[in-house]
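**Student:**
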Amino acid sequence: MVEKQLLNLNILVIGGGIAGLATAYSLAAAGHTVTILEAAASPKEVGADVTRILFRWGLASKLEEIAHNDRMLNTYLCRYKNGEILASYAGGDEAAQRYGGPSYLLHRADLHGVLYDLATPHIIYRGSSRITTINPHEPSAVLDSGESVVADLIIGADGIRSIVRDAFVGGSQQARYTGDSAYRFVLPGDDVNKVPELRSLLERPTVSVWVGPQKHFVAYGIRNQQNLNVAAFVEDADQSAEYSWTSESDTDGMRAQFKGWDPRRSPTTLKYKIMDSQPLKTWVHPSGRVTLVGDACHPMTPYRAQGAAMAIEDAECLGKLFSHITRLEQIPFLLKAYENIRFERATTIQRLSAESGPYYHLPDGPAQQERDDRMRSEMEVRDALAKGEIVPPEVVATVENGRKTRQIEDDAQYKYDMTQVTEKWWAENESAM
Ligand SMILES: Cc1cc2nc3c(=O)[nH]c(=O)nc-3n(C[C@H](O)[C@H](O)[C@H](O)COP(=O)(O)OP(=O)(O)OC[C@H]3O[C@@H](n4cnc5c(N)ncnc54)[C@H](O)[C@@H]3O)c2cc1C
Ligand SMILES: *[C@@H]1O[C@H](CO)[C@@H](O)[C@H](O)[C@H]1NC(C)=O
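Going by the numbering used here, the first residue of the sequence shown is number 1, and it counts up by one from there.
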């Protein structure tokens with residue numbers, strides 16, 4: 001077979017967040033010329049697990065360097081009032097083996113930094129370059145300076161308030177406020193370790209989630225367990241909260257929200273509105289020259305911590321597909337292939353993320369008791385079996401069923417191999433291009 005000559009495309013990526021950087025790198029690695037237009041003057045991110053793809057991109061040693069002590073061991077679900085552990089989910093070696101890579105507890109800023117360092121030697125990165133509109137047919141993007149930049153293909157990686165998305169979807173397709181808000185902050189390890197009740201949170205790389213009525217609270221160590229990363233989620237329908245990574249908010253407000261909870265708790269915090277959207281009707285503009293990645297096309301609540309992972313899968317898929325292009329006319333076909341491969345996956349994770357909120361936020365009452373009893377008995381049975389005690393078979397069976405259901409969900413989330421799925425799609429559908 002004669003190797004066909006790759007067509008070098010001029011690709012414009014709007015937005016230099018995690019999705020934009022990952023997509024730019026993946027397409028540059030496939031042989032294309034990529035420019036990022038990023039509104040912010042200097043790359044910054046205020047505070048994920050797609051390690052398999054990141055390892056393929058050569059980042060194994062980099063991740064080990066910044067997070068060798070942050071390979072996630074366990075996730076605990078705790079009762080909000082007293083911190084009682086209701087459930088403990090194993091991560092660690094067992095999961096690493098099952099899913100072909102460890103889960104690192106990373107700060108978003110650190111992942112953004114790793115991707116920035118990876119991508120920028122291979123691409124043109126233009127900061128202070130806010131786009132005001134695009135022309136999907138030419139295609140081109142207009143900067144707020146008035147400058148117009150043309151390209152063969154435009155990729156909107158401009159996040160939840162995407163201007164690129166505005167070019168092809170209207171009202172009901174816009175991102176919407178879920179009614180939940182998040183407080184986020186990072187505590188220095190020295191401060192955490194001064195408080196005896198908090199020390200255990202940085203002893204081992206574990207995630208603790210306190211669940212309670214209309215709220216939950218998440219804490220885990222990052223940066224080799226030198227800092228504590230904290231997120232507190234509330235159903236408060238706060239219209240004044242910003243959707244921005246940098247909005248300061250009142251810490252007293254957060255304290256008031258968590259009055260009566262496990263008293264271990266903090267100083268300053270940022271508050272965000274949590275947005276998501278209905279699945280878009282399409283991710284590809286009818287012109288066939290514009291598409292979307294990341295939060296621009298599938299914004300999701302952070303309750304399964306999958307937003308960054310989905311963005312990196314988008315990037316891997318586009319890179320693999322566009323490594324095959326030989327003629328300009330093939331762009332629309334490849335974009336449809338991207339949508340075809342990614343849409344169901346991203347939409348499923350989007351839905352699962354939305355469903356996790358209400359499950360964590362059950363008010364005290366029969367449904368909450370039933371949930372907690374189920375989790376407690378699962379732990380008790382597991383402990384009893386580990387000690388070699390005799391447990392009635394029907395009890396074991398109920399617990400096993402719960403475990404299996406969760407395993408199926410986890411497998412769907414983590415066993416998925418984007419590289420393989422894309423290669424399979426290509427092998428079967430190449431001839432249609
Ligand atoms: C509170 C919270 C917690 C989260 N926690 C997690 C987590 O634990 N795990 C996880 O996997 N995900 C998490 N996520 C989601 C995750 O951060 C995102 O899904 C992921 O980073 C992908 O974002 P993105 O790059 O698509 O968009 P963004 O990060 O929003 O980046 C968009 C970029 O585009 C730029 N831009 C915007 N408009 C323009 C314009 N007009 N011109 C030029 N540039 C523009 C912006 O400046 C920005 O740099 C969380 C999200 C929230 C809100
Ligand atoms: C080939 O393409 C069709 C239509 O897009 C799709 O349904 C099918 O799953 C693809 N094949 C593979 C192996 O993914």
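Where a beta carbon is used, it is the ideal one built from N, C-alpha and C, also for glycine.
With DSSP as the reference, please indicate the residues paired to Asn135 in a beta bridge.
**Tutor:** Position 135 of the sequence shown holds residue 135. Answer is Ser140, bridged to Asn135.
**Student:** Check for me: the alpha helix (DSSP H) holding Cys317 runs from which residue to which?
**Tutor:** Translated into the one-based positions of the sequence shown, residue 317 becomes position 317. Element bounds for Cys317: Gly307 to Phe322.
**Student:** Do Ile36 and Gly58 have their C-beta atoms closer together than 8 Å?
**Tutor:** Along the sequence shown, one-based indexing puts residue 36 at 36. Along the sequence shown, one-based indexing puts residue 58 at 58. No, they are not a contact pair.
**Student:** Can you name the residues that DSSP bridges to Gly212?
**Tutor:** The residue given as residue 212 occupies position 212 in the sequence shown. Note: Gly212 sits in a beta bridge opposite Lys215.
**Student:** At a cut of 8 Å, does the region 336-356 reach the region 382-398 through at least three beta carbon pairs?
**Tutor:** No contact exists between the region 336-356 and the region 382-398.
**Student:** Hey, how far is the Cα of Gly288 from the Cα of Ile11?
**Tutor:** Position 288 of the sequence shown holds residue 288. Position 11 of the sequence shown holds residue 11. Between Gly288 and Ile11, the C-alpha separation is close to 14 Å.
**Student:** Three-state secondary structure (DSSP) at Arg289?
**Tutor:** Here residue 289 is taken as the residue at index 289 of the sequence shown, counted from 1. Arg289: coil per DSSP, three-state reduction.
**Student:** For Leu321 versus Thr422, is the C-beta spacing smaller than 8 Å?
**Tutor:** To locate residue 321, count along the sequence shown from 1; it is residue 321. To locate residue 422, count along the sequence shown from 1; it is residue 422. Yes. Within cutoff.
**Student:** Relative to the alpha-carbon of Leu105, which residue among Tyr99, Tyr80 and Gly91 has its alpha-carbon at the smallest distance?
**Tutor:** Here residue 105 is taken as the residue at index 105 of the sequence shown, counted from 1. Answer by Cα proximity: Gly91.
**Student:** Please return the same chain residues whose Cβ sits closer than 7 Å to the Cβ of Leu27, not counting the five positions on each side in sequence.
**Tutor:** Along the sequence shown, read from residue 1 onward, the residue named residue 27 stands at position 27. Closer than 7 Å at the Cβ level, and outside the excluded window around Leu27, lie Ile11, Val34, Leu318, Gly319 and Phe322.
**Student:** Can you tell which of Ser162, Asp117 and Arg108 has the C-alpha that lies nearest to the C-alpha of Arg130?
**Tutor:** For the purposes of this step, residue 130 is identified with residue 130 of the sequence shown, where counting begins at 1. That would be Ser162, whose Cα lies nearest to the Cα of Arg130.
**Student:** For Asp434, which residues from the same chain have a beta carbon less than 6 Å from its beta carbon, with the 5 sequence-adjacent residues on both sides left out?
**Tutor:** The displayed coordinates of the chain run from 1 to 433. Any statement about residue 434 would go beyond what the structure contains.
**Student:** Could you say which of Pro279, Met300 and Glu147 lies nearest to Lys273 if we only look at CA atoms?
**Tutor:** As a working mapping, residue 273 is identified with position 273 in the sequence shown. The shortest C-alpha separation from Lys273 is found at Met300.
**Student:** For Ile53, which residues in the same chain have their Cβ closer than 6 Å to its Cβ, ignoring the five residues on either side in sequence?
**Tutor:** The residue labelled residue 53 in the question sits at position 53 within the sequence shown. Correct list, in chain order: Ile312 and Glu316.
**Student:** Quick one: give me the first and last residue of the alpha helix (DSSP H) that Glu55 is part of.
**Tutor:** Here residue 55 corresponds to residue number 55 of the sequence shown, with the count starting at 1. First, the amino acid is wrong: residue 55 is Phe here, not Glu. Segment Thr51 to Arg56, the alpha helix (DSSP H) holding Phe55.
**Student:** Please report the straight-line C-alpha distance between Met72 and Leu6, rounded to a whole angstrom.
**Tutor:** The sequence position of residue 72 within the sequence shown is 72, counting from 1. The sequence position of residue 6 within the sequence shown is 6, counting from 1. Their backbone Cα atoms lie some 41 Å apart in a straight line.
**Student:** Could you tell me if the beta carbon of Glu428 falls within a distance shorter than 7 Å of some heavy atom in ligand 2?
**Tutor:** For this step, residue 428 is matched to residue 428 along the sequence shown. Under cutoff, so the answer is yes.
**Student:** Helix, strand or coil for Val396? Go by DSSP, reduced to three states.
**Tutor:** Taking the first residue of the sequence shown as position 1, residue 396 is located at position 396. If DSSP states are grouped into helix, strand and coil, Val396 belongs with the helices.
**Student:** Going by CA-CA distance only, name the one from Pro302, Thr282 and Ile222 that's closest to Leu187.
**Tutor:** Within the sequence shown, residue 187 is the residue found at index 187, counting from 1. The residue with the shortest Cα to Cα distance from Leu187 is Ile222.
**Student:** For the beta strand (DSSP E) containing Arg176, list its first residue and its last residue.
**Tutor:** As a first step, residue 176 is located in the sequence shown; it is residue number 176 there, counting from the start. It spans Arg176 to Pro188 - the beta strand (DSSP E) in which Arg176 sits, taken as one unbroken run.
**Student:** On the three-state DSSP scale, how would you describe Trp245?
**Tutor:** By 1-based counting over the sequence shown, the position of residue 245 is 245. Because the pLDDT of Trp245 is 39, which lies under 50, any placement of that residue in the model is unreliable, and the number read from its coordinates should be weighed accordingly. Three-state result, Trp245: coil.
**Student:** Per DSSP, what kind of secondary structure is Lys273 in: helix, strand or coil?
**Tutor:** Reading the sequence shown from its first residue, position 273 is the one you call residue 273. Reduced to three states, the DSSP call for Lys273 is strand.
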